[in-house]
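>
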């Protein structure tokens with residue numbers, strides 16, 4: 001039997017998975033990459049097996065890591081719930097989730113707005129895929145999430161056109177090189193479907209859980225991707241011969257919780273998303 005796993009190691013593990021790399025996780029939780037690397041190494045020593053497949057600086061969750069991830073999220077959610085219940089004089093945190101596309105355009109100004117209205121407010125934030133955000137809501141780790149698509153129980157705020165991004169020279173060949181977020185990403189699925197319908201061959205040259213990873217791959221000329229201009233924060237390809245793409249909805253999913261901070265945050269998320277859509 002393996003030894004007990006300290007919760008700080010699980011928090012670091014989840015942060016690395018959600019960030020897609022040590023560098024991204026270090027930025028999010030204000031720790032050095034070397035410190036996070038040592039914690040991951042310690043965690044792997046406790047469970048007696050690697051949790052990631054390593055390719056240079058890239059980290060890909062392996063089978064063992066995937067098994068631990070679900071337990072880690074559940075354990076941390078219960079620890080956080082217990083801490084909140086044992087500190088009744090502390091205001092309940094504002095617990096939000098958002099897809100990676102709108103961290104800068106929606107999440108950042110929403111946090112600022114809530115802080116102005118309620119100085120000293122505490123937050124619990126999840127930045128992840130729609131599937132992971134819905135799981136977080138189901139596990140009572142967050143109370144509201146800005147999601148891509150039209151999940152059950154969600155309220156559609158806006159719809160944005162999907163567009164192609166990348167170096168047009170990559171389309172000179174017979175096969176389209178695709179870059180995308182790990183499935184079930186709705187953007188990658190849409191790209192594959194319209195290319196299949198048009199009879200245009202494609203191949204995956206990179207998949208990653210990180211939107212920053214997709215941006216880096218596109219900017220490096222590795223492949224073509226499908227996103228929205230508002231979410232990708234880059235100009236789309238002009239005059240491409242690639243098939244047209246559909247629109248994608250963005251929705252807010254809420255747990256019904258009578259908390260002024262969360263109500264204000266949801267209202268501000270909606271307003272900032274509408275503003276981003278209006279200016280895109």
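In the UniProt record's numbering, the protein residues as written are 1 to 280.
Using N, Cα and C, we set each Cβ at its ideal position, and we do this for glycine too.
Quantities reported herein were computed from a predicted structural model and do not represent experimental measurements.
(1) In whole angstroms, give me the CA-to-CA distance for residue 43 and residue 37.
(2) Could you tell me which uninterrupted alpha helix (DSSP H) segments, each at least 4 residues in length, are contained entirely in the stretch 23-53, listed from first to last along the chain?
(3) Quick one: what's residue 274 bridged to in DSSP?
(4) Any idea if residue 63 is buried or exposed, counting beta-carbon neighbours within 10 angstroms, 16 or more meaning buried?
(5) Tell me whether the beta-carbon of residue 144 lies closer than 9 Å to the beta-carbon of residue 28.
(6) Does DSSP classify residue 175 as helix, strand or coil?
(7) Distance check for residue 139 and residue 9, CA to CA, integer angstroms please.
(8) Where does residue 165 sit, in a helix, a strand or coil, going by DSSP?
(9) Give the straight-line distance between the Cα atoms of residue 121 and residue 184, rounded to the nearest whole angstrom.
(10) At what residues does the beta strand (DSSP E) containing residue 254 begin and finish?
(11) Comparing alpha-carbon positions, which option in 6, 248, 23, 59 lies nearest residue 149?
(12) Determine contact between the stretch 205-219 and the stretch 8-25, defined as no fewer than three beta-carbon pairs at a distance below 8 Å.
(13) Measuring from the CB of residue 206, is there a heavy atom of the ligand ATP at a distance below 8 Å?
(14) Does the beta-carbon of residue 268 have 16 or more other beta-carbons within 10 angstroms, so that it is buried, or is it exposed?
(15) Rounded to whole angstroms, what's the CA-CA distance from residue 275 to residue 162? Just pull it up for me.
(16) For the alpha helix (DSSP H) that residue 130 lies in, which residues bound it at each end?
(17) Could you give the first and the last residue of the continuous beta strand (DSSP E) run that contains residue 148?
(18) Just the Cα atoms here: how many angstroms apart are residue 17 and residue 39?
(19) Taking 8 Å as the threshold, find out whether the stretch 109-119 comes into contact with the stretch 151-170 through three or more Cβ pairs.
Taking the coordinates as given:
(1) Within the chain shown, numbered from 1, the residue matching residue 43 stands at position 43. Within the chain shown, numbered from 1, the residue matching residue 37 stands at position 37. So the two alpha carbons sit approximately 10 Å from each other.
(2) Correct list: 33-47.
(3) The residue given as residue 274 occupies position 274 in the chain shown. Bridge partners of residue 274: none, in fact.
(4) To locate residue 63, count along the chain shown from 1; it is residue 63. Exposed: under 16 other Cβ atoms inside 10 Å.
(5) Your numbering for residue 144 matches position 144 in the chain shown. Your numbering for residue 28 matches position 28 in the chain shown. Not in contact: residue 144 and residue 28 (Cβ atoms no closer than 9 Å).
(6) Against the chain shown, residue 175 aligns to sequence position 175. When DSSP states are grouped into helix, strand and coil, residue 175 belongs to the coil group.
(7) Position 9 of the chain shown, counted from the start, is the residue given in the question as residue 9. Position 139 of the chain shown, counted from the start, is the residue given in the question as residue 139. Going by the C-alpha atoms only, they are around 20 Å apart.
(8) What you label residue 165 is simply residue 165 of the chain shown in a count that begins at 1. Three-state result, residue 165: strand.
(9) Start at 1 with the first residue of the chain shown, and residue 121 comes out as number 121. Start at 1 with the first residue of the chain shown, and residue 184 comes out as number 184. Distance between the alpha carbons of residue 121 and residue 184 is about 34 Å.
(10) The residue given as residue 254 occupies position 254 in the chain shown. Residue 254 -> beta strand (DSSP E) spans 247-254.
(11) Taking the chain shown and counting its residues from 1, the one referred to as residue 149 is at position 149. Ranking the options by Cα distance to residue 149, first place goes to 248.
(12) In short, these stretches touch, since the Cβ pair count reaches three.
(13) The model on display carries no ligand, and the ligand ATP is accordingly not part of it.
(14) For the purposes of this step, residue 268 is taken as the residue at position 268 of the chain shown. Residue burial is scored here from C-beta neighbours: residue 268 has at least 16 other C-beta atoms within 10 angstroms and is therefore classed as buried.
(15) Here residue 275 corresponds to residue number 275 of the chain shown, with the count starting at 1. Here residue 162 corresponds to residue number 162 of the chain shown, with the count starting at 1. One C-alpha to the other measures close to 18 Å.
(16) The sequence position of residue 130 within the chain shown is 130, counting from 1. For residue 130, the enclosing alpha helix (DSSP H) stretches over residues 130-138.
(17) For the purposes of this step, residue 148 is identified with residue 148 of the chain shown, where counting begins at 1. Segment 144-148, the beta strand (DSSP E) holding residue 148.
(18) Here residue 17 refers to the residue found at position 17 of the chain shown. Here residue 39 refers to the residue found at position 39 of the chain shown. Computed Cα separation, rounded: 13 Å.
(19) No, because fewer than three Cβ pairs between the stretch 109-119 and the stretch 151-170 fall closer than 8 Å, the two stretches do not touch.
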